[in-house]
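One structure is given here, and the rest of the page talks about it.
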Amino acid sequence: FSDFKLCADEGCNAIMSHVKALRDYEAPDCRYLSFKAKDRIQVFMKLTGESDSLWAGSCQGKIGFFPKDVVKEAQPFLNAKEIKLLSTERDFRCLDGEYVGEENDSSEDIEDNSDTSSEENV
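The opening residue of the sequence shown carries number 1 in the UniProt record's numbering; numbering runs sequentially from there.
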């Protein structure tokens, strides 16, 4: 994975942006998020540093990583700051076959940082 992550808050709970899936993606294991083309995904973490190819987000109640090249940013949030944090092993763990990140034990904990006045039609 990577040594650093970008988040909108210290706990990586606030939404950084919405993205739209360009094609279907099948998760290779429980740390990843499966989705279909045109699904909207809420992004709350972007890996950076050693590797920047993966983002983490939620879609249809599931949370996980996905390659950033299978999505298109549909709505970056103007008020979302990017905080660079060290990644930990807990960011990439699975429990009972489900991905569970550092602070992201359920999608209900995720804050929506959206500025709806700037939302694009996608």
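Backbone N, C-alpha and C fix where the C-beta goes; we use that ideal spot for every residue, glycine too. Only a predicted model underlies this, so the values are computations on that prediction, with no experimental measurement involved.
Best match in the options for proximity to residue i [C-alpha to C-alpha]
| i | options | result |
| --- | --- | --- |
| Pro-76 | Asp-52, Lys-20, Leu-33 | Lys-20 |
| Pro-67 | Leu-33, Gln-60, Ala-8 | Leu-33 |
| Cys-12 | Ala-27, Gly-64, Lys-36 | Gly-64 |
Inter-residue Cα distance where the pair is residue i and residue j
| i | j | result |
| --- | --- | --- |
| His-18 | Leu-86 | 23 Å |
| residue 124 | Val-43 | In the structure as shown, the chain starts at 1 and stops at 122, and residue 124 therefore has no counterpart that could be examined. |
| Asp-9 | Ile-83 | 6 Å |
| Lys-38 | Lys-72 | 10 Å |
| Arg-40 | Cys-59 | 7 Å |
| Glu-26 | Arg-93 | 18 Å |
| Arg-31 | Glu-50 | 18 Å |
| Ala-74 | Ala-14 | 17 Å |
| Phe-35 | Gly-57 | 11 Å |
| Phe-4 | Leu-54 | 11 Å |
| Thr-88 | Asp-24 | 29 Å |
| Lys-81 | Asp-91 | 20 Å |
Rounded Cβ spacing between residue i and residue j (contact assumed at less than 8 Å)
| i | j | result |
| --- | --- | --- |
| Lys-46 | Met-16 | 7 Å |
| Leu-6 | Thr-48 | 5 Å |
Beta carbon of residue i nearer than 8 Å to that of residue j
| i | j | result |
| --- | --- | --- |
| Asp-69 | Ser-2 | no |
Give, in chain order, every unbroken run of the beta strand (DSSP E) that is at least 3 residues long and sits entirely within the UniProt domain "SH3" (14 to 76). The UniProt domain "SH3" (14 to 76) contains these whole beta strand (DSSP E) runs: 17 to 21, 40 to 48, 54 to 59, 62 to 67, 71 to 76.
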